[in-house]
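To start, the structure itself, in structure tokens.
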Amino acid sequence: MKERSTKITIYDIARVLNLSASTVSRALQNNKLINQETRDKVRQTATEMGYVPNWIASSLRRNRSNIIGLIVPRTSMYFQSTAISGIQHEAHRYGFSIVIGQSDDTLEMEKELVNTFFSLRVDGLLAVSSMFTTTYEHFTPFIKNNIPLVFYDRVPADFAGYTITGDDFRGGFLATEHLIKQGCKRIAHFSGTLTCNLYQQRLRGYKAALEKYDIPFDEQLLYVHNLTSEAATIASKELLSKEQCPDGLFAANDTSAVAFIQEAKRQHVAVPGDIKVVGYSNDQSSRIITPALTTIEQSGYEMGQKAIDTIIKLINYGDTMKITKHFVFPVELIERESSQ
């Protein structure tokens, strides 16, 4: 059986360079009290010897890890991937690292990740709640221990802490109003699960636009599902089989809007000729589908930047700075061929 190799420590580096361990430690932390030549020599020797810092021990000594936890439903979602890019780039600029956990849009995995990140002693936690998160009780370890916690995009009901969201009510209103102005009078809506704040607000915006233009809300035109391509295809088949087919569809994400367009093609229903379609998020798929999809832009990269900027300020300064508690990003309608 092969023996496990002994890890190189700062004491090993100190012996090789004939320096004190405290000098080596400061040099590795780029402490300006150590001259540049010594810092360079220590870092070079550490690399050559294969030294790997023990960040857990270091965080215990300094009571700081410079690591921020991030919980997202799925990294494969276009909006989340762009937000993560904004978070990663901004965090690096401030000297923080990001550790990402996927909840797979399940409450059970979300709870597990919260406990894991708390055990890892992260300096703060950014979170996008799962579609089924109705309470923030499982985030209590962070709240009770005054560890900064910021939700962005999806937020649990009644959470009074720091939040970064898009103007989902406005987005739902703009999408529906656009369809009405294009002549639609019977508009269906594909909504996500209504335990989630995003879809509650987008539905409210949809209803508000109908009310403004004196179009009655029809419960039979509302389809609530998890907004995957598979679920949207099933809903599309049901919608297209109705005796009185709608002339417009507002889908609460681009994935379900694209699935509808594909199913409409299979059934020889013309988009936008027979049914005009608007999605949400401005995913890459919205630009490559034919016809190109009209959608709502919600600035994922910028939201990620704002989320990390907020939590780093909370980590560094607490509540001593003026930080907007509930920041709302404006949204924009991107008009393309699917609604013209």
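31 is the number of the first residue of the sequence shown in this note's numbering; add one for each residue after it.
Ideal placement from N, C-alpha and C gives every residue a C-beta, glycine not left out.
For Y347, the enclosing alpha helix (DSSP H) starts and ends at G330 to Y347.
Secondary structure at S311: coil, using DSSP grouped into helix, strand and coil.
One Cα belongs to C214, the other to Q250, and the distance between them is close to 17 Å. Residue environment for N227: buried (at least 16 other C-beta atoms within 10 angstroms of its C-beta). In the three-state reduction of the DSSP assignment, A281 falls in the strand class. Exclusion of the five residues before and after V46 leaves T75 and M79 as the residues of its chain whose Cβ lies within less than 8 Å of its Cβ.
Excluding residues up to 5 positions away in sequence, A218 lie with their Cβ nearer than 6 Å to the Cβ of L269 in the same chain. Rounded to the nearest whole angstrom, the CA to CA distance from F172 to L252 is 38 Å.
Shown here, K37 sits in coil according to DSSP, grouped into three states, outside any helix or strand. Counting C-beta pairs closer than 8 Å gives fewer than three between the segment 134–144 and the segment 188–200, which falls short of the contact rule. Between the alpha carbons of L150 and Y347 lies a gap of roughly 22 Å. The straight-line gap separating the alpha-carbon atoms of L279 and A265 is approximately 12 Å. Taking T163 as reference, the option from G116, P103, E273 and F148 with the minimal CA-CA separation is P103.
Listed in chain order, the beta strand (DSSP E) elements of length 3 or more contained wholly in the segment 148–204 are 154–157, 179–182 and 192–196. Taking the Cα positions, G334 is about 14 Å away from F126. Residue range Q66 to M79 is occupied by the alpha helix (DSSP H) that includes E78.
Taken atom to atom, the span from the alpha-carbon of Y182 to that of L156 is near 7 Å. The closest CA to that of D42, considering only V82, A337 and N61, is found on V82. Taken through DSSP and simplified to helix, strand or coil, G99 comes out as strand. Cβ-Cβ distances below 6 Å link Q231 to D198 and F199 in the same chain, with the five nearest sequence neighbours on each side left out; the list follows chain order. Take the alpha-carbon of A337 and the one of Q59: they are about 27 Å apart.
Within its own chain, the residues whose Cβ lies closer than 7 Å to the Cβ of N96, once the five positions on either side in sequence are excluded, are G125, F126, S127 and D153, listed in chain order. Inter-residue distance for S52 and V361 is about 52 Å (C-alpha atoms, whole angstroms).
Annotated three-state conformation of Q250 is helix, per DSSP. For I98 and V129, the gap between their C-alpha atoms comes out near 6 Å. The residue among T170, L204 and G309 with its C-alpha nearest the C-alpha of K242 is L204. Of the candidates S311, I342 and K352, the residue whose Cα lies closest to the Cα of E365 is S311.
Assignment of beta-bridge partners to A218 by DSSP yields L279.
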